Amino acid sequence: MYDYLIVGSGLFGAVFAHEMRARGKSVLVLERRPHTGGNIYCEERDGIRLHKYGAHIFHTSYQDVWEYVNKFVEFNNYVNSPVANFRGELYNLPFNMNTFTKLWPDVRTPAEAEAKIAAEREAAGIGEPENLEEQAISLIGRTIFEKLIRGYTEKQWGRSCKELPAFIIKRLPVRLTFDNNYFNDRWQGIPMGGYNKLTEALLEGVEVRTGVDYNEPAVRAAYQGQAQTVVYTGLIDEYFGGRLGRLEYRGLRFETEGLPEQNHQGVAVMNYTEREVPYTRSIEHKHFEPEDRKAFEQAVTYVTREYPADWQPGQEAYYPVNDARNQELYRQYAQLAANEQGVIFGGRLAEYRYYDMDDVVKSALECVEKFVQIS
Ligand code: FAD
Ligand code: UDP
56 MYDYLIVGSG LFGAVFAHEM RARGKSVLVL ERRPHTGGNI YCEERDGIRL HKYGAHIFHT
116 SYQDVWEYVN KFVEFNNYVN SPVANFRGEL YNLPFNMNTF TKLWPDVRTP AEAEAKIAAE
176 REAAGIGEPE NLEEQAISLI GRTIFEKLIR GYTEKQWGRS CKELPAFIIK RLPVRLTFDN
236 NYFNDRWQGI PMGGYNKLTE ALLEGVEVRT GVDYNEPAVR AAYQGQAQTV VYTGLIDEYF
296 GGRLGRLEYR GLRFETEGLP EQNHQGVAVM NYTEREVPYT RSIEHKHFEP EDRKAFEQAV
356 TYVTREYPAD WQPGQEAYYP VNDARNQELY RQYAQLAANE QGVIFGGRLA EYRYYDMDDV
416 VKSALECVEK FVQIS
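Everything in the sequence shown is counted per the numbering used here, starting at 56 for the first residue and increasing by one.
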């Protein structure tokens, strides 16, 4: 009998497993993919780590989380500075003085940029923003909305900016300085040697069984009664057999190409912001770890194009769709979960939240503390 049966070996499951093992508890991790790590898993080709489930940049303002992950792996000094490509015109992101001066050649100073944005905002005549389009135009004006937001967002979410909630766009910083750092957080980087090092260090000495889907009835039955507590990090609605209806997700499709070039696009992340190009991002993986000179300098590179896609149950679930219907349905599943004896639900899929990696580490550590106290 195990103390904890952990379903899912992503960051939540791996941190939880590590911490409980360190406290002398017995743990077993089940993972349905053929590998551990969840979405942070990297696949190596020609010595280059490919972010298999999309670009992952660790960034945080939680000092405790930063110190925690640094105990397991050393981080490099990568700073995410994506470039937007709109019909061949290149702009720095996030929206900052580099972007404004390129978009509006008559703009030179922060005051001039501010005045330009204010004039566009006024011309649009928007009161309290009621959707993403109105929010974006009030924040940054119509020119940037049309060139850098509308196409990208509509591709990403598969619906009009008028039907999307305003908060999605609030994630993006707007700056009146020449600063291309995409994140406002205090700490940022990529594990040197790749994310698998972090997962492997967390799961060292932990019993893991891959290729096992806990939601298969036969598997569920086989593990019944084998642990005091189950920690479930998969899709919450799937745990309950979708009995209240299915939660929706946004899917992704990745297309990876190896190229006989040293440096293809000069940056790790290039966003394609027009509607007509079907992918949202092109990732050139070697730029995440430029300090790995051997991998970086060879005349081979890997580029992955990221295509947003409609999602069907059974496919990988990437982004929760945070609209009113799904939030209400999630609330009902969360109620079922609260009544489920001996099961902890945690992580991005089980909590149906747009969590970043640092949020997941933090919530797993908090969850451990809570259960250590009561057990
Ligand atoms: P997951 O990583 O999804 O792990 C859950 C695991 O459970 C998976 O391995 C899954 O196979 C397994 N599982 C599910 N159901 C079952 C079952 N029934 N039986 C057995 N196993 C099961 N965050 C950042 O901080 N920075 C970024 O740059 C960033 N970029 C992202 C880009 C994309 C495209 C996406 C989708 C997410 C991004 N994130 C980013 C978020 C980040 O991926 C997550 O916060 C984090 O990895 C979630 O960890 P988790 O353990 O909650 O879930
Ligand atoms: N976004 C955009 N243009 C860009 C980048 C982002 O319009 O070039 C919008 C888009 O709506 C996206 C949101 O900003 O969903 C949040 O972007 P972020 O890069 O934080 O998304 P994630 O990394 O989670 O996919």
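Glycine included, C-beta positions come from ideal geometry on N, C-alpha and C.
Note that the coordinates shown come from a computational prediction; the quantities given were computed from them, not determined experimentally.
Any non-hydrogen atom of the ligand UDP closer than 7 Å to residue i Cβ
i	result
L203	yes
Q353	no
Q211	yes
Y207	yes
L227	yes
N326	yes
L148	yes
A496	Examination of residue 496 is not possible in this model, given that the chain is present from 56 through 430 alone.
A168	no
Cβ neighbours of residue i in the same chain (closer than 6 Å, five flanking residues each side left out)
i	result
Y146	A139, T154 and K157
A405	Y287, T288 and I291
E189	I181
N270	E293
H111	I95
A460	Summary: the structure shown does not reach residue 460, with the chain confined to residues 56 through 430, and so no result is reported for it.
E310	R360
Heavy atom of the ligand FAD within 7 Å of residue i beta-carbon
i	result
D413	yes
G369	no
H114	yes
E255	no
Y410	yes
G65	yes
R403	yes
H111	yes
Y362	no
Y108	yes
N270	yes
I223	no
I61	no
E86	yes
Y123	no
Assumed close pair residue i, residue j - CB separation to whole angstroms, cut-off 8 Å
i	j	result
D268	R403	Not a contact, Cβ separation roughly 18 Å.
T359	I338	5 Å
E361	T335	6 Å
Y59	T284	5 Å
V376	Y304	6 Å
L231	A174	Their Cβ separation, rounded to whole angstroms, is 15 Å, which puts L231 and A174 out of contact at 8 Å.
I192	A179	5 Å
P137	Y207	Rounded, the Cβ-Cβ distance is 11 Å, inconsistent with contact.
A354	H342	Wrong, their Cβ atoms sit about 15 Å apart, outside the cutoff.
V261	R76	6 Å
Beta-carbon proximity check, residue i vs residue j, cutoff 8 Å
i	j	result
P220	D378	yes
R100	G313	yes
M325	I95	no
G321	E371	no
F400	G244	no
K210	F141	no
L85	V415	no
A282	L83	yes
D240	S116	yes
G266	P89	yes
F233	N151	yes
F127	A256	yes
S64	G109	no
G102	K417	no
Where the beta strand (DSSP E) containing residue i begins and where it ends
i	result
G244	W242 to G244
Q211	That residue, Q211, is in no beta strand (DSSP E); its alpha helix (DSSP H) goes R205 to W212.
E316	Per DSSP, E316 belongs to no beta strand (DSSP E) and is neither H nor E.
S337	R336 to E339
Continuous alpha helix (DSSP H) stretch holding residue i: start and end
i	result
S81	Neither: S81 is in no alpha helix (DSSP H) and is coded neither H nor E.
N125	Q118 to N125
T154	M152 to L158
L384	A379 to A393
A276	P272 to Y278
V261	Careful: V261 lies outside any alpha helix (DSSP H) and carries neither H nor E.
I223	F222 to K225
Cut-off 7 Å between Cβ atoms - residues of its own chain near residue i, not counting five sequence neighbours on either side
i	result
R205	C216
C422	F71, I399 and G401
N318	T356
Q78	In the sequence as presented, Gln is not what sits at residue 78; that position holds Arg. So the qualifying residues of the chain are V427.
Spatial neighbours of residue i in its chain, beta-carbon cut-off 8 Å, leaving aside the 5 residues before and after
i	result
K171	F155, W159, V162 and G196
L420	V70, E74, D119, V120 and Y123
M247	V128, E129, F130, N131, E344, E346 and D347
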